[in-house]
Every structure is written in C-alpha cells, then in structure tokens.
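A short worksheet on the structure shown next.
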Ligand SMILES: Cc1cc2nc3c(=O)[nH]c(=O)nc-3n(C[C@H](O)[C@H](O)[C@H](O)COP(=O)(O)OP(=O)(O)OC[C@H]3O[C@@H](n4cnc5c(N)ncnc54)[C@H](O)[C@@H]3O)c2cc1C
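Quick look at the structure:
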C-alpha cells in the first residue's frame with residue numbers, strides 16, 4: 001500500500017537514489033537524464049546490483065505493457081517492466097509457460113535479462129537469455145538499439161547478463177514453452193549425504209525437466225549435504241486448472257527487531273525440515289506456484305531477517321572438483337554455525353549462456369542466506385570465496401553485496417572486454433565496488 | 001460483452017482499469033491526448049484479451065470535440081453501454097490562489113468539461129433506455145480544505161452533478177457511479193512523499209472494475225476513505241479550522 005522504497009531484496013546495503021524517474025513510455029525511458037543512471041526492475045536482486053546511491057534510478061516497472069502474443073507460436077513481446085507472474089497469468093490459460101523461471105515470479109523481464117536468470121531446468125533449457133529472441137536497448141546517447149542473437153549480436157551478448165550497465169532495456173520478445181496444464185508431477189526424496197545428491201542429479205538428468213535440492217547446511221560429517229531432492233515435469237492436462245489465487249497469501253507484517261533466523265533457530269529449523277515427513281519419498285500432483293515459487297506465498301518474507309537485512313551467497317563450481325569444493329563450503333558454513341534455513345543445491349548443465357557476463361556455467365551451484373551481515377559473516381564469505389576461486393568457479397552478482405574487486409576479476413575475466421559496452425552514463429553500486437581495484441573492499445563494511 | 005468508452009485512457013488508473021475489462025473480453029474505445037501512448041495501451045489491451053480496441057485523440061477541454069468523439073465511439077463499437085470518465089488535473093493550489101485564470105482552468109477541466117460530456121452521454125443513454133456512466137471524482141470533493149479546495153470544489157461540483165444525474169436517469173435504467181479515490185501512486189502525484197495512505201493504481205482499478213460490474217452508486221477506494229471522510233466531514237468547524245488538512 002505504501003509508496004515504493006527502492007531497496008534490494010536483502011535490505012542490505014542501504015542506498016538512496018538522488019532521483020527516481022518513472023518512464024511513462026518506451027520512447028522516453030531515460031529522457032533528459034545525463035549522468036549515473038541505473039534501471040531498477042522489481043528489486044528482487046539481493047545485494048547492490050540494482051542500487052545506485054546518489055544517482056538516478058529508472059523505475060522500469062511503469063513500462064508494463066504487453067505488445068504482442070502469438071498463441072500459435074508462443075512468441076511473446078512485451079515491455080521490460082512486465083513481471084514474469086503477469087506473463088504466466090496471461091499465457092498459462094492459452095497453453096504456454098515461461099521457458100525459464102527463477103524462484104520468484106515477482107521479477108521483471110528486464111531484470112531477468114540483465115541477470116540472465118536461471119531456473120530449476122538449467123540442465124535442459126539453459127538461462128533465460130537463451131530464449132530471448134530480441135530486445136530493445138535504450139542508450140543515453142538517445143539511440144534505441146534492437147538486438148537479437150544475430151543483429152547487433154555483440155550488444156545482445158553484452159546486455160544479457162549485463163547487470164543493467166549497457167543501457168535500459170525497454171522491450172523484449174521471448175519464446176515461450178508449450179504446456180498442457182498448470183500442474184506438475186513432483187517427486188521428493190530424502191537423501192542422507194552430498195554423494196546421494198550427485199547420484200540423484202545424474203539419475204534425474206534425462207527424465208526430469210526440473211531438479212533442485214534443499215540441503216541442511218547445519219549437518220556435518222557423515223550427514224554433510226543431507227536434504228531433499230525434488231524433481232518434476234509438467235503434467236499432461238487433467239481437467240480444469242483452478243485459480244492459483246496468486247498474491248493472496250499472507251504478508252509478513254513488519255521488520256522483526258532481530259533476525260528470526262539466527263544461530264539459535266538455525267539448527268532446529270533445518271533439522272525439522274529434514275524430518276518433515278516420515279516417508280523418505282513422496283510423489284505429488286502439485287500446482288505450479290508452490291513448486292516454482294515456494295516463498296512467493298508470503299509477501300515480504302525478507303522482513304523476517306530483521307532491520308539489518310541479510311546477504312545471500314550463491315556460487316557455482318565446475319563439475320570436476322565440484323564435489324570437493326561443495327564439501328568444503330558446506331563444512332565451513334556448518335562449522336561457523338552460520339547460513340540459512342534451507343540452502344539450495346542444483347546442477348547446472350552445459351547449455352551455454354548467451355551473455356558475456358552471465359553467471360551460470362556447467363557445474364554445481366550452492367545458494368544460501370546469511371542473516372545479519374556483520375564482520376563474522378563477511379570473514380566467512382571471504383573464506384568461501386577462496387574456495388570458489390581455487391575451484392575455478394564464480395559468485396552470482398544478483399545475489400551479492402560484498403565480493404571484492406579481485407574476486408570479481410577472477411570470476412568474470414571477460415569484464416574488461418565488457419566495459420566497451422557499458423553506457424557512459426550508467427553505473428551501479430555493485431559495479432563501482434567490483435571495478436574499484438584501488439581501495440580495500442573491507443573498509444566500508446559494518447564493524 | 002461491454003462496449004466501453006474511456007475518456008482519459010492514458011491515466012494510470014484508467015489504464016489499469018481497462019486491463020480488467022480487456023481480460024473480460026470487452027470492446028474498448030480509448031480517448032486521450034497522446035496518440036503514441038494510446039497506441040501502446042491499445043496493443044497491451046488486445047494482448048490481454050479485449051474483443052476490440054480503438055483509439056481517438058481528443059482534448060477534453062475542447063467541448064466541441066465531445067459530440068463527434070461520441071459519434072465515433074458509437075460507430076466504431078456499434079453502440080455504447082458504459083462510459084468511464086477518467087481524466088482530470090491536479091492543479092497547484094498556491095498557483096490557483098494567486099491567479100484566477102489558473103483556478104478557472106482547473107474548474108474547466110475537472111468540472112465544466114465533464115458536465116458537458118456527461119450531459120451528452122446522459123441524453124444518448126436516456127434515449128436508449130440503459131447504460132452505465134462512471135466518473136472518477138475524488139475524496140477531496142467531500143469537504144473543501146485549505147490545502148486543495150480549488151481541485152476539491154470542482155470535484156464536489158462533479159459529485160453533486162453525478163448525484164443528480166443518477167436521480168434523473170434512475171427511472172430509465174441508467175446507472176451512475178461516482179468514484180472517489182484517495183491518494184493514488186501515479187505520475188499525477190509523482191512529487192508527493194508517499195505515506196501509508198497512498199494506494200497502488202492496480203488496487204484502485206480492481207475496486208472500480210468491481211463497482212462497475214456490480215452497478216454500485218458511490219465507490220470510495222480504498223474503502224477506508226469512506227471512514228476517514230466521514231470523520232472529516234463531521235468535524236465541527238471550530239475544530240476543523242484549527243487543523244492543517
Ligand atoms: C525469492 C527469490 C528467488 C530467486 N531465485 C532465483 C533463481 O532461482 N535464479 C536466479 O537466477 N535468480 C533468482 N533470484 C534473483 C532474481 O531472479 C534476480 O535478481 C532478478 O534479476 C531480479 O529481477 P528484478 O526485476 O527484480 O530486477 P532488479 O533486482 O531490480 O534489477 C536486477 C538487475 O537488472 C537490471 N535491470 C532491471 N530492469 C532493467 C531494464 N529494464 N533494463 C536494463 N537493466 C535492467 C538492474 O539494473 C539490475 O542490474 C531470486 C530472487 C528472489 C528474491
């Protein structure tokens with residue numbers, strides 16, 4: 001109900017734009033703005049990649065119109081501020097689904113492109129950007145550049161996964177995926193150790209379009225990496241699809257005074273989840289919403305992390321050493337008694353990402369939240385970075401609020417070439433941080 | 001299927017309301033001042049399922065343009081059964097106090113032109129013996145207040161006009177809806193600090209859609225404004241004059 005506050009999802013770090021411009025038309029997306037701009041989608045990035053302290057935010061959500069949809073081919077064209085959830089509401093009744101969706105549907109098309117987001121079907125479908133047929137980029141020199149994988153292909157590659165730095169995306173066309181109904185065939189299996197996760201992933205690769213695992217990040221030793229493995233396919237239609245009741249769930253009403261996820265609740269919550277069912281295995285017919293968007297049912301759940309917010313850490317490590325690296329990461333997190341209620345593990349496949357700076361690459365990805373960012377957390381995350389760097393992996397900018405310039409350089413060596421495509425009038429807090437090789441990254445952190 | 005005319009279709013509230021009707025599969029005739037914006041909205045409404053969308057450029061301040069616009073809408077949609085007036089300006093109160101012509105201009109857009117337009121619409125609907133007229137007014141019309149009485153008084157005039165129209169047309173089966181939103185987070189209020197009373201346009205649009213479908217007479221949106229305005233209108237003058245509203 002209240003007017004918008006332009007924060008990131010982790011509510012950390014704090015940043016205040018000097019000005020917010022809400023474009024009314026695609027033609028005037030960045031009209032008259034001269035310096036330090038950044039497009040802001042729906043603020044579902046965790047850290048500072050969608051923030052621009054003391055600069056201008058272009059609040060792209062106001063460009064939320066559809067442009068064309070062909071129900072025969074599944075090609076959808078829309079403005080960049082349209083939310084993925086609005087697309088689903090429109091196209092599911094007509095037999096189509098998003099080709100790739102992240103774990104929340106409250107993400108804008110522009111944001112999905114700028115972070116080249118991935119979903120539980122990465123091993124099959126690759127990233128969101130793979131399915132973008134064209135996009136229009138609005139630059140501060142007044143040009144409107146239409147980019148496709150073939151025309152202005154270099155600009156396309158720079159903009160997909162380009163963290164909003166190449167200009168403002170005003171429109172895009174996306175190739176959707178056919179479905180027959182709104183329901184999913186979901187199988188959940190409890191597994192006792194990280195090795196089982198790898199075995200289940202390998203076994204599910206060919207037969208299941210979607211795979212993901214929740215792991216107990218507090219377990220160590222012989223239980224390390226235990227959790228639940230979920231695999232699913234779209235169901236062939238069975239009768240009518242009922243109204244999912246989108247956006248009608250409860251709202252987390254206020255920012256709790258301290259994080260509800262802390263070192264006292266962490267272990268019990270994870271253990272509870274691991275033993276949530278007496279059966280080791282279940283097969284259900286589930287509506288797509290709880291399957292894809294388990295957290296969207298509670299609006300503003302990020303408030304449960306208290307006023308200091310939280311940081312997320314998502315990394316990928318290549319297959320070869322993946323097992324060893326993930327073991328070490330999980331071990332360090334458990335030893336530090338840190339980490340989240342439920343961490344996520346998933347195998348990325350080898351479908352290449354089209355973006356120069358895209359995060360997904362073949363390997364194993366681990367994602368988890370850390371409440372109350374503070375010196376202990378940052379020291380731990382820096383240690384995790386050492387493991388990821390040594391393994392030749394990367395950390396996801398969309399989830400980051402603290403990686404050092406040196407780490408970014410190791411994770412995304414193409415960034416120097418990418419700089420040629422950065423719009424001179426665009427910048428973000430993230431970009432200033434990771435390209436500033438002169439200052440000590442620790443100096444601005446809370447103590 | 002409704003045959004719906006929206007005057008002021010590029011306003012944020014109107015656009016969000018039109019989406020609801022488009023999803024119902026209605027036919028829409030959109031009127032506004034800006035051709036490119038109308039075109040983008042029309043594209044969107046077609047994708048969302050509208051049976052038909054046509055656009056028409058008109059400045060509502062030009063009273064002579066109303067009749068031809070209504071003729072065009074009727075011709076394009078093959079008749080009309082619902083009219084939503086959604087345009088308006090939020091004048092700068094200080095400027096209106098300093099300059100009589102600014103005050104009159106605000107009245108012309110927010111009251112006089114709507115009276116002209118709806119008089120024509122009312123006569124057409126009366127002849128056909130049916131239809132629904134809805135106009136976006138404001139909670140500001142419920143009591144004149146120092147901070148925005150030029151705008152508020154124009155809306156008060158509009159409210160009384162709509163009440164009378166409803167009374168007159170009742171016997172002919174024509175419904176008249178007076179829509180009174182509170183503060184809404186739109187470009188019109190871009191320069192305001194958004195407190196907790198600000199509503200999102202989509203919420204207001206949902207309420208308007210529902211009120212039109214249910215043929216209601218007066219809509220406060222969001223609903224809590226009915227209570228707030230009851231309190232404000234009941235405040236004794238001695239108390240009211242000491243307040244900063
Ligand atoms: C609960 C939850 C689950 C998530 N799960 C996943 C997941 O499974 N996989 C995954 O990949 N991500 C996931 N994310 C992260 C999220 O998908 C990304 O951060 C996404 O990019 C956010 O989009 P947004 O529209 O909110 O954009 P913002 O967060 O507002 O912005 C993201 C970036 O996009 C840029 N941008 C936004 N709009 C435009 C535009 N029009 N033109 C140019 N640049 C633009 C911004 O500048 C910024 O760099 C999750 C986030 C949450 C909160």
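Residue numbers (our numbering), protein chains in the order written: chain H, 1 to 447; chain L, 1 to 245. Ideal Cβ placement from N, Cα and C applies to all residues, glycine included. Values in this document were obtained by computation on a predicted structure and should not be read as measured data.
Straight-line CA distance for residue 116 of chain L to residue 63 of chain L?
7 Å
Coarse secondary structure for residue 225 of chain L, derived from DSSP in three states:
helix
Proximity test, Cβ basis, 9 Å: residue 246 of chain H and chain L:
Because the pLDDT of residue 246 of chain H is 45, which lies under 50, any placement of that residue in the model is unreliable, and the number read from its coordinates should be weighed accordingly. No - not a single Cβ of chain L is within 9 Å of the one on residue 246 of chain H.
Is the beta carbon of residue 315 of chain H less than 9 Å from the beta carbon of residue 265 of chain H?
no
If we ignore side chains and look at the alpha-carbon of each, how far apart do residue 141 of chain L and residue 205 of chain L end up?
20 Å
Please confirm if residue 67 of chain H has its CB atom under 9 Å from at least one CB of chain L.
yes
Sort L/158, L/24 and L/92 by Cα distance to residue 210 of chain L and report the nearest one.
L/24
From the DSSP output, in three-state form, read off residue 313 of chain H for me.
strand
Which first and last residues belong to the beta strand (DSSP E) in which residue 370 of chain H is found?
363–371
Since residue 301 of chain H is in the alpha helix (DSSP H), which residue starts that stretch and which ends it?
Unbroken run through residue 301 of chain H: none, as it is neither H nor E.
How about residue 115 of chain H: is its Cβ closer than 8 Å to a heavy atom in ligand 1?
yes
What does DSSP give as the partner residue(s) for residue 40 of chain H in the beta ladder?
H/59
Using 10 angstroms around the beta-carbon of residue 1 of chain L, count the other beta-carbons present and answer buried if the total reaches 16, otherwise exposed.
exposed
Local Cβ density within 10 Å of residue 245 of chain H, reported as buried at 16 or more and exposed below that:
Confidence at residue 245 of chain H is low in this model, with a pLDDT of 44, below 50, so the placement of that residue is unreliable and no value is reported for it.
Cβ-based contacts, 8 Å cut-off: residues of the segment 26–45 of chain L near chain H
36, 37, 40, 41, 43 and 44
For the alpha helix (DSSP H) that residue 84 of chain H lies in, which residues bound it at each end?
84–91
Given residue 229 of chain H, which residues of its chain have a CB within under 6 Å of its CB, disregarding the five upstream and five downstream residues?
189, 191, 200 and 213
Does residue 14 of chain L come out as helix, strand or coil in the three-state DSSP assignment?
helix
Assign residue 53 of chain L to one of three DSSP states: helix, strand, or coil.
strand
Residue span of the alpha helix (DSSP H) that contains residue 197 of chain H, given as start and end
194–204
For a contact defined as C-beta to C-beta under 8 Å, what are the partners of residue 190 of chain L on chain H?
22
Against chain H, does residue 48 of chain L count as a neighbour if the rule is that its beta carbon must be under 9 Å from one of theirs?
yes
Three-way DSSP call (helix, strand, coil) for residue 279 of chain H in this model
coil
Is residue 174 of chain H helix, strand or coil when you go by DSSP?
strand
Can you find a CB in chain L that lies within less than 9 Å of the CB of residue 147 of chain H?
no
Residue 231 of chain H, DSSP secondary structure in three states:
strand
For a contact meaning CB atoms closer than 7 Å, what does residue 25 of chain H contact in chain L?
36, 37 and 40
How about residue 448 of chain H and residue 334 of chain H: do their beta carbons lie closer than 9 Å?
Chain H is shown only over 1 to 447; residue 448 of chain H falls outside these bounds and no answer can be derived.
Assuming residue 16 of chain L and residue 185 of chain L make a contact with CB atoms under 8 Å, what is their CB distance in whole Å?
Their Cβ separation, rounded to whole angstroms, is 11 Å, which puts residue 16 of chain L and residue 185 of chain L out of contact at 8 Å.
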